[in-house]
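Working notes, beginning with the structure itself.
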Amino acid sequence: MYSFAALNNLYKMLKNLLFIFCLSFFQFAQSQVIRGTIQDQETGLGLPYAKVFCIELENGAIADSNGNWQLDNVVDNQMTLQISAVEYESKMVKINDFGSEINIKLQPAHIHLDEVIISTTDSRLQRYSTFPVDSRKIADLNKVEQTNIVDAISNMPGIYNLSTGNGISKPVIRGLSGMRVLTSQNGLRIENQQWGADHGFALFNVGIDRVEVIKGPSSLIYGADALGGVIYIADEPYANANETEIKASTKFETNSLATINKASFKTSKNNLRIAVHGGYFSRADYGTSNNLYVKNSKNNGASLKTAIGYNKNNWITNLRYQLLSFENGIPGHTHDSIWEASSFLSSNQSRSYNIPAQHITNHLAQWENKFYFKNDELVAQLGFTSNDLTEFGEKVTVPGIDMNLQNISYNLRWKHQLNENLEIVSGSQGMKQSNTNGENAEDILIANADFQDIGAFSLIKGTFKLWNVQAGARYDQRNVTTLESVNSLSKTFSGINYSLGVSRSSENITTRLNASTGFRPPHISELLADGVHHATSQYLIGDENLLPERANQIDFYFGTHFEHLEIIVNPFINQISNFVYRNPTGQFNNGYPVFTIMQDNAILMGGDIALHYHPHVAHWLHLESNFSLLSTQDDSGNPLPQIPQNRLNNIIKIDIKNKKELKINNLSVQYLYFFEQDKVTTYETTSDSYQLINVGLNGSYKEFDFSFGVNNLLNVAYIDHLSRLKTYNIDNPGRNIYVKLAYRITGK
Numbered sequence: 172m173y174s175f176a177a178l179n180n181l182y183k184m185l186k187n188l189l190f191i192f193c194l195s196f197f198q199f200a201q202s203q204v205i206r207g208t209i210q211d212q213e214t215g216l217g218l219p220y221a222k223v224f225c226i227e228l229e230n231g232a233i234a235d236s237n238g239n240w241q242l243d244n245v246v247d248n249q250m251t252l253q254i255s256a257v258e259y260e261s262k263m264v265k266i267n268d269f270g271s272e273i274n275i276k277l278q279p280a281h282i283h284l285d286e287v288i289i290s291t292t293d294s295r296l297q298r299y300s301t302f303p304v305d306s307r308k309i310a311d312l313n314k315v316e317q318t319n320i321v322d323a324i325s326n327m328p329g330i331y332n333l334s335t336g337n338g339i340s341k342p343v344i345r346g347l348s349g350m351r352v353l354t355s356q357n358g359l360r361i362e363n364q365q366w367g368a369d370h371g372f373a374l375f376n377v378g379i380d381r382v383e384v385i386k387g388p389s390s391l392i393y394g395a396d397a398l399g400g401v402i403y404i405a406d407e408p409y410a411n412a413n414e415t416e417i418k419a420s421t422k423f424e425t426n427s428l429a430t431i432n433k434a435s436f437k438t439s440k441n442n443l444r445i446a447v448h449g450g451y452f453s454r455a456d457y458g459t460s461n462n463l464y465v466k467n468s469k470n471n472g473a474s475l476k477t478a479i480g481y482n483k484n485n486w487i488t489n490l491r492y493q494l495l496s497f498e499n500g501i502p503g504h505t506h507d508s509i510w511e512a513s514s515f516l517s518s519n520q521s522r523s524y525n526i527p528a529q530h531i532t533n534h535l536a537q538w539e540n541k542f543y544f545k546n547d548e549l550v551a552q553l554g555f556t557s558n559d560l561t562e563f564g565e566k567v568t569v570p571g572i573d574m575n576l577q578n579i580s581y582n583l584r585w586k587h588q589l590n591e592n593l594e595i596v597s598g599s600q601g602m603k604q605s606n607t608n609g610e611n612a613e614d615i616l617i618a619n620a621d622f623q624d625i626g627a628f629s630l631i632k633g634t635f636k637l638w639n640v641q642a643g644a645r646y647d648q649r650n651v652t653t654l655e656s657v658n659s660l661s662k663t664f665s666g667i668n669y670s671l672g673v674s675r676s677s678e679n680i681t682t683r684l685n686a687s688t689g690f691r692p693p694h695i696s697e698l699l700a701d702g703v704h705h706a707t708s709q710y711l712i713g714d715e716n717l718l719p720e721r722a723n724q725i726d727f728y729f730g731t732h733f734e735h736l737e738i739i740v741n742p743f744i745n746q747i748s749n750f751v752y753r754n755p756t757g758q759f760n761n762g763y764p765v766f767t768i769m770q771d772n773a774i775l776m777g778g779d780i781a782l783h784y785h786p787h788v789a790h791w792l793h794l795e796s797n798f799s800l801l802s803t804q805d806d807s808g809n810p811l812p813q814i815p816q817n818r819l820n821n822i823i824k825i826d827i828k829n830k831k832e833l834k835i836n837n838l839s840v841q842y843l844y845f846f847e848q849d850k851v852t853t854y855e856t857t858s859d860s861y862q863l864i865n866v867g868l869n870g871s872y873k874e875f876d877f878s879f880g881v882n883n884l885l886n887v888a889y890i891d892h893l894s895r896l897k898t899y900n901i902d903n904p905g906r907n908i909y910v911k912l913a914y915r916i917t918g919k
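For what it's worth, this note's numbering labels the leading residue of the sequence shown as 172, then goes sequentially.
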């Protein structure tokens, strides 16, 4: 068991080490300048305006009209460059020799689905990964603009959205969500009472560049809990070297009369980089396809995000802070055991504040330091998050729930290059977490408690011609201690996990096999719950004798990559012992249905099939399709609760090229088909199949970009199986027309 004093001493030691490192490395050799040329591999001609991005510095440069480029003030010893150009395959280049020009040749490519992964211990193209990870730019996921960031993420294969209207959304990875999915932003673990089904995603899409999803427990570097996987959010890079960039955008949506406004300022000068992002959104009640509005589905929020980066010699540091504030109405709220769906609907749309409602304030702070040697790399991160969640259920001035969750964390990672083929990565993470209930709260869902985590891992990674291999193990320990004199609890949980993966990637075929285990200690909300959660309208009773969940996943990947066609097949099976679930008792407490926490063994199996076709006779046409399939059962052969519908997602994208000032860049048409879900638990109802058509158009005029589109073009009435409003027979949103205008200016 680790005491608070021990962890405090560890944090102080880490800060002192960082200070000493900073002073030491200030005295080393001067920062370097690297330059070179980017060329077409077939013709040898320079590629005008190709992009050079430095992974370590998080900024880059644009080549000139002849393909020449230069980066100043880079760190010594080693650099990782991502080279990209339109209609060419991206390339990752490791730089160790700074004395000569770097000439890089890119291969023409009509299909480009191979994104760079940055959430792992090294940056590499997706096809070379030894475990299941999917990397996408937010801009690509929003070719047809989505209402919120989770809607955008759920366009990825195997990812779904567990929603309560427009304001409360949670990502679901291969059927798992909540405490089984870990969220990380730039390496900072985000904690926001995610045990609650109505406690939504903690982030707002401001200043976000890409999202990476690690599917299942296959990554060892993020700690316990990630049985379902990891959602890794990467911020926008800093401005290009010695440039200043200003952006602003505004968006309007007709369905909920939503306004979303964002602005950013980024500048990079010599060794210093600064970025500031801000945004605000407001939505009224959303409308269904029958011209009725869902009462109290309104929401609003704001965010301010800042980042400062600096490098000198072998040292790079980044200091980040973000403030987020949300106010969410909670639709579908009733104490009555007998109700009518019409009581939750209105012919009038409202933006006015009503109860029940959530008030959420998040503070996220992170200090990251990276040190580079000839064959070694050291990364040290200190983090702090604060989540204040207040829910008003019956009274306007007295909260039903008032909880503050504070989390201090550290993350250490050391990488050593043994030779040109092998490297070792070792590290440790720890966090000290405290949950405190407000004095005026009517209900105490989880007790005042402290949580302490500490873990360590080690990996060995090898690259042998076409083969990539990774093997590793991890140990985690968690201590949970309540601060109450009555019904006190003190427990320690520990677990050892492993991951073994191998991949082979040739010019046309990629195969991968990964086996991994995972570990999730029971949360205090499962151990000691005994009360009403107004947002879920349930009375929940926990069990302090719960055992940790343990997962075993096998994941296989096969992909073919040709000039005009790519096909991917990715099956998996995930076996979870001591799976925690809510079991209805059939009883009621003051009008609320009573659920108890229980455990059983569970199996989740399925996979994704994806196709990307780019006809040779029509280079302007892209056809993308993916099919996500999932089947689950417990030891008795019964389905698990809240399992998403099987889904077919098709997108036709038409690229439009012209040299006019007013340009239509592309047109996207998306067709979604959700299959019937008839494999449900005893307290769930089946869900009908449904289909949606979404359309989006993107263009530009000088420094302006614009988007126009329609979600649910045919105004289909449907209820998704993962909608928490399904219980009350409340439809998902009807037709939604959006218009977006963005402005960008860049200068020296």
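For each residue, glycine too, the CB sits at the ideal point set by N, CA and C.
Problem - Close beta carbons around N900, own chain, < 6 Å, minus the five adjacent residues each side - result: Sequence-distant partners of N900 (beyond 5 residues in either direction) whose C-beta falls short of 6 Å from its own C-beta, in its chain, are A512.
Exercise for the section: Determine the direct distance from the alpha carbon of Y299 to that of S629, and round the result to whole angstroms. Expected result: As the crow flies, the alpha-carbon of S629 is around 20 Å from that of Y299.
Exercise for the section: Have a look at N723 and D647 and give me their C-alpha separation to the nearest angstrom. Expected result: So the two alpha carbons sit approximately 16 Å from each other.
Exercise for the section: Please go through the same chain and pick out, in chain order, the residues whose beta-carbon is closer than 6 Å to the beta-carbon of A618, but skip the five residues on each side of it. Expected result: Same-chain partners within the cutoff: T653, E655 and L699.
Problem - Limits of the unbroken alpha helix (DSSP H) element including E569 - result: The sequence shown places Val at residue 569, not Glu. Premise fails: V569 is in no alpha helix (DSSP H) and is neither H nor E.
Handout entry: Environment of L194 [buried if 16+ CB atoms lie within 10 Å]
Key = Note that L194 has pLDDT 47, beneath the 50 cutoff, so the model's placement of it is unreliable and the number below is only indicative. That one is exposed.
Practice task
Could you tell me the boundaries of the beta strand (DSSP E) in which V673 lies?
Solution key: Segment S661 to S676, the beta strand (DSSP E) holding V673.
Handout entry: Contact set for I738: own chain, Cβ-Cβ below 6 Å, skip 5 residues either direction
Key = So the list reads T731 and L782, once near-sequence residues are dropped.
Handout entry: V257 versus E874 - alpha carbon distance
Key = So the alpha carbons of these two residues sit roughly 19 Å apart.
Exercise for the section: Taking all protein chains shown into account, decide if Y543 is buried (16 or more other Cβ within 10 angstroms of its Cβ) or exposed. Expected result: That one is buried.
Handout entry: Residue of S453, S460, A478 and T459 minimising C-alpha distance to L443
Key = Ranking S453, S460, A478 and T459 by Cα distance to L443 puts A478 first.
Exercise for the section: Taking 8 Å as the cut-off, decide whether the C-beta atoms of V382 and I344 are in contact. Expected result: In this structure, I344 does not lie closer than 8 Å to V382 by Cβ.
Handout entry: Rounded straight-line distance, which links the Cα of K541 to that of S518
Key = In a straight line, the C-alpha of S518 is about 57 Å away from that of K541.
Handout entry: Under the three-state DSSP convention, the category T488 falls into
Key = Here DSSP, grouped into helix, strand and coil, assigns T488 to strand.
Handout entry: Straight-line Cα distance separating N761 from N907
Key = Rounded to the nearest angstrom, the two C-alpha atoms are 39 Å apart.
Exercise for the section: Can you have a look at L589 and say buried or exposed, based on whether 16 or more other CB atoms are within 10 angstroms of its CB? Expected result: That one is exposed.
Problem - Inter-residue spacing [alpha-carbon to alpha-carbon] between S261 and T556 - result: One C-alpha to the other measures close to 35 Å.
Problem - Residues near L516 by beta carbon distance below 8 Å, same chain, minus five either side - result: Result list for L516: T459, L463, Y464, V465, K466 and I901, in chain order.
Exercise for the section: Please state whether DSSP places I595 in a helix, a strand or coil. Expected result: When DSSP states are grouped into helix, strand and coil, I595 belongs to the strand group.
Exercise for the section: Could you check the C-alpha separation between F175 and P904 for me, to the nearest Å? Expected result: Bear in mind that a pLDDT of 45 at F175, under 50, signals an unreliable position, so the model cannot answer this.
Practice task
Grab the span of the beta strand (DSSP E) containing D627 for me, first residue to last.
Solution key: For the sequence presented, residue 627 should be read as Ala rather than Asp. A620 to F635 is the extent of the beta strand (DSSP E) around A627.
Problem - Contact under 8 Å by Cβ, V751 with E697 - result: Yes. Within cutoff.
Exercise for the section: Buried or exposed for V567, please, with buried defined as at least 16 other CB atoms from any protein chain shown within 10 angstroms of its CB. Expected result: By the Cβ-count criterion, V567 is exposed, with fewer than 16 other Cβ atoms from all chains shown falling within 10 Å of its own Cβ.
Practice task
State whether the segment 333 to 349 contacts the segment 390 to 408, with contact taken as three or more CB pairs (one from each stretch) at a distance under 8 Å.
Solution key: The segment 333 to 349 makes contact with the segment 390 to 408, as at least three CB pairs between them are under 8 Å.
Practice task
Give a yes or no on contact between the segment 602 to 613 and the segment 567 to 580, applying the rule of three or more CB pairs nearer than 8 Å.
Solution key: With contact defined as three or more Cβ pairs closer than 8 Å, the segment 602 to 613 and the segment 567 to 580 are in contact.
Exercise for the section: Tell whether a beta-carbon distance below 8 Å holds between T852 and N809. Expected result: Taking 8 Å as the cut-off, the beta carbon of T852 is found closer than this to the beta carbon of N809.
Problem - Where N345 falls: helix, strand or coil (DSSP) - result: Going by the sequence as given, residue 345 is Arg instead of Asn. In the three-state DSSP reduction, R345 falls in the coil class, being neither helix nor strand.
Practice task
Compute the distance between the beta-carbons of G598 and D624, then report whether it is under 8 Å.
Solution key: No, these two residues do not count as a Cβ contact at 8 Å.
Problem - Residues of its chain near E855, where Cβ-Cβ distance is below 8 Å and the 5 sequence neighbours each way are ignored - result: Sequence-distant Cβ neighbours of E855 in its own chain, meaning closer than 8 Å and more than five residues away, are P812 and Q813.
Exercise for the section: Thinking S420 and N337 are a contact (beta carbons under 8 Å), I'd like their distance in whole angstroms, please. Expected result: With 8 Å as the limit, S420 and N337 do not qualify as a contact, their Cβ atoms being about 19 Å apart.
Problem - Residue environment, I273, which counts as buried when at least 16 other CB atoms sit within 10 Å - result: The residue in question, I273, is buried, as its Cβ has 16 or more Cβ neighbours within 10 Å.
Exercise for the section: Compare the beta carbon distance of A473 and I501 with 8 Å and say whether it is the shorter of the two. Expected result: Taking 8 Å as the Cβ cut-off, A473 and I501 do not qualify as a contacting pair.
Exercise for the section: Within the same chain, show all residues whose beta-carbon is closer than 7 Å to that of N411, passing over the 5 residues directly before and after it, in chain order. Expected result: So the list reads N230, G231, A232, I233 and S439, once near-sequence residues are dropped.
Exercise for the section: Flag this pair as yes or no: are the beta carbons of T301 and N639 separated by less than 8 Å? Expected result: Result yes, Cβ atoms of T301 and N639 sit closer than 8 Å.
Handout entry: Reduced DSSP secondary structure (H/G/I, E/B, other) of F375
Key = Here F375 sits in coil by DSSP.
Exercise for the section: Could you tell me whether the segment 876 to 896 touches the segment 305 to 320, where touching means 3 or more Cβ pairs closer than 8 Å? Expected result: Verdict: yes, contact present.
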